[in-house]
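Accompanying notes for the structure given below.
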Amino acid sequence: MLDVSRIRAITLDLDDTLWPIGPTIRRAEATLQAWLGQRAPATAALCAAPGAIREVRQQMNSQRPDLAHDMSALRRESIRVMLMRAGDDPALAEPAFDAFFAERQRVEFYGDALPALAFLSSRYPLVALSNGNADVQRVGIGHHFALPSAPPRSAWASRIRACSRSAHGRRVPRLRRCCTSATMRTLTAWAR
20 MLDVSRIRAI TLDLDDTLWP IGPTIRRAEA TLQAWLGQRA PATAALCAAP
70 GAIREVRQQM NSQRPDLAHD MSALRRESIR VMLMRAGDDP ALAEPAFDAF
120 FAERQRVEFY GDALPALAFL SSRYPLVALS NGNADVQRVG IGHHFALPSA
170 PPRSAWASRI RACSRSAHGR RVPRLRRCCT SATMRTLTAW AR
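Just so we're aligned, residue 20 is where the sequence shown starts under the numbering used here, counting upward by one.
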């Protein structure tokens, strides 16, 4: 049985824990497509071609493994590649990503998510861990979290090492019990 007196903090993966990610990403991608349609129509047409976006993502995964745990950078660079392939201005990648990112923060919480966050945060420090790019402040739940937004990678690494060593006498493997596999890969990469 779980001894709750031993809990020092709770980590939460945000996507598909507090809200369903599928509808959120579909809306954000539709917003990006509309933005491109107005400012980079050739890129919008290229993105609409079946398999084009998947091909660029696979290319980015193989060419930029350093971005594997930074979904924002990976998406931004994928947009840049699509713009270049279509002959549009690659400088549009930043504002295009901003349009995507703003819509990506509009989430629809599961019915019990907000009451659960209020309950848990009144009893334990909560830490948001994600390999995605949700921003707890922009989503409107930052006040529930002890670490309200993801610090830079190096800061995460030092915090993870310190927390896992002091709490468990070991490093990241002990965290495996409470993390999704994607978050575990992110934590492991950041803690190296």
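All C-beta atoms, glycine included, are put in the ideal place defined by N, C-alpha and C. Note that the structure is a prediction, hence the values are computed from the model and not measured.
About 7 Å separates the beta carbon of ASN152 from that of ARG123, a gap short enough to meet the 8 Å contact definition.
Listed in chain order, the alpha helix (DSSP H) elements of length 4 or more contained wholly in the stretch 101-174 are 112-123, 132-140, 155-158. A distance below 7 Å between beta-carbons, with the five flanking residues on each side excluded, links MET101 to the following residues of its chain, in chain order: THR62, LEU65, CYS66, VAL75.
Minimum Cα-Cα distance from VAL155 among the listed residues GLN77, ILE29, LEU33 corresponds to LEU33. Within the same chain, LEU51, TRP54, LEU55, ILE98 come within 7 Å of ALA115 by CB-CB distance, once the 5 residues on both sides are set aside. Per the C-alpha coordinates, the member of GLY130, ALA121, ASP131 positioned closest to THR43 is ALA121.
Residue range 29-32 is occupied by the beta strand (DSSP E) that includes THR30. A distance below 8 Å between beta-carbons, with the five flanking residues on each side excluded, links PRO39 to the following residues of its chain, in chain order: GLU127, TYR129.
Between the C-alpha atoms of ALA87 and LEU93 there is a straight-line separation of about 7 Å.
Here the alpha carbons of ALA28 and TYR143 stand approximately 5 Å from one another.
MET79: member of the alpha helix (DSSP H) spanning 71-82, first to last residue.
Within the DSSP bridge table, the entry for TRP38 names ASP34 as partners.
Between ARG46 and the set PHE119, LEU136, LEU133, the nearest pair of CA atoms involves PHE119. Annotation for HIS162: no residue places its beta carbon closer than 7 Å to its own, counting only its chain and skipping 5 residues before and after. Annotation: ALA135 to SER91 spans about 27 Å, alpha carbon to alpha carbon.
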